[in-house]
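Position in the sequence shown (from 1) plus 21 gives the number in my numbering.
Cβ coordinates follow ideal geometry from the N, Cα and C atoms, glycine included.
Please read these numbers as outputs of a predicted model, since none were measured by experiment.
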Amino acid sequence: APAAPPSPNVVTVSATSVANTSATDSASVTIENPSPVLTAISPSSLAAGGSDTTLTLTGSGLAQQSLAQADGTALATTFTSTSQLSAVVPAALLATAGTLSITVVNPSPGGGTSSAQTLTVSIAVSVSPSVQTVNVNPTQQFNATLAGVVNQNVAWSVNGVAAGDATGGTTSTAGLYAAPAAPPSPNK
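Spelled out as structure tokens, the structure:
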């Protein structure tokens, strides 16, 4: 069968006797796109605020004219095989935390839309500076930046203790860290 259905998508296959060319018969063949089945996407989760990201889509019934979609938005799609596609999710779709429904659409004739796989876009938190050495008693200002959400508020902790304590130091609600009077043991 061809890689894509011809137009019109019905062809005639004939057989003619070599001994008697008037003895012939034929069959009508309708060529359609397969129904796509999407079984997995990789990666299945990404951090919000990322750049354009390529997904690998795995399944069956994939064709050269298959098109991946994220929540109905067409993605730049590359055919790899009848069981694999790659698709680029643009950064604009990764700006906000949430989920995206990833599907594959094969056009008519035949074809259809696969069931969805979920791409999770998670809130990303970054703290700066990421590594810092301070002496006992001084303070160090830390800043947190969040991607994927409008609310930029964070809860600060030191060694898993909300706002910290005298052993590891404390943090203010604004991220101002106050080192303890003596280095903690172990010194981390």
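Worksheet entry | Buried or exposed (CB count within 10 angstroms, at least 16 for buried), Ala-176 | exposed
Worksheet item: Could you give the residue range of the beta strand (DSSP E) that holds Gly-196?
Response: It is not in any beta strand (DSSP E) - Gly-196 carries neither H nor E in the DSSP assignment.
Worksheet item: When burial is assigned at 16 or more other CB atoms within 10 Å of the CB, is Gln-138 buried or exposed?
Response: buried
Discussion item. Using only the alpha-carbon positions, how far apart do Thr-74 and Leu-59 sit?
Written reply: 19 Å
Fill in: Inter-residue Cα distance where the pair is Gly-93 and Val-125
10 Å
Item to complete: Rank Ala-40, Asn-54, Ser-38 by C-alpha distance to the C-alpha of Asn-30 and give the top, closest one.
Response: Asn-54
Worksheet item: Thinking C-alpha only, which one of Pro-57, Ser-65, Pro-111 is nearest Leu-88?
Response: Pro-57
Discussion item. Considering Cα atoms alone, identify which of Val-142, Ala-84, Asn-41, Val-171 is closest to Gly-133.
Written reply: Ala-84
Item to complete: Could you name the residues of the same chain whose beta carbon sits closer than 6 Å to that of Ser-147, not counting the 5 residues immediately before and after it, in chain order?
Response: Thr-166
Worksheet item: How should Ala-61 be labelled, buried or exposed, when 16 other C-beta atoms within 10 angstroms of its C-beta is the threshold for buried?
Response: exposed
Fill in: Residue(s) in a DSSP beta bridge with Ala-165
Val-148
Worksheet item: Can the beta-carbon of Ala-112 be found closer than 8 Å to that of Ser-143?
Response: no
Fill in: Reference Thr-141, options Thr-120, Ala-183, Thr-42, closest by Cα
Thr-120
Worksheet entry | Beta-carbon proximity of Thr-117 to Gly-169, cut-off 8 Å | yes
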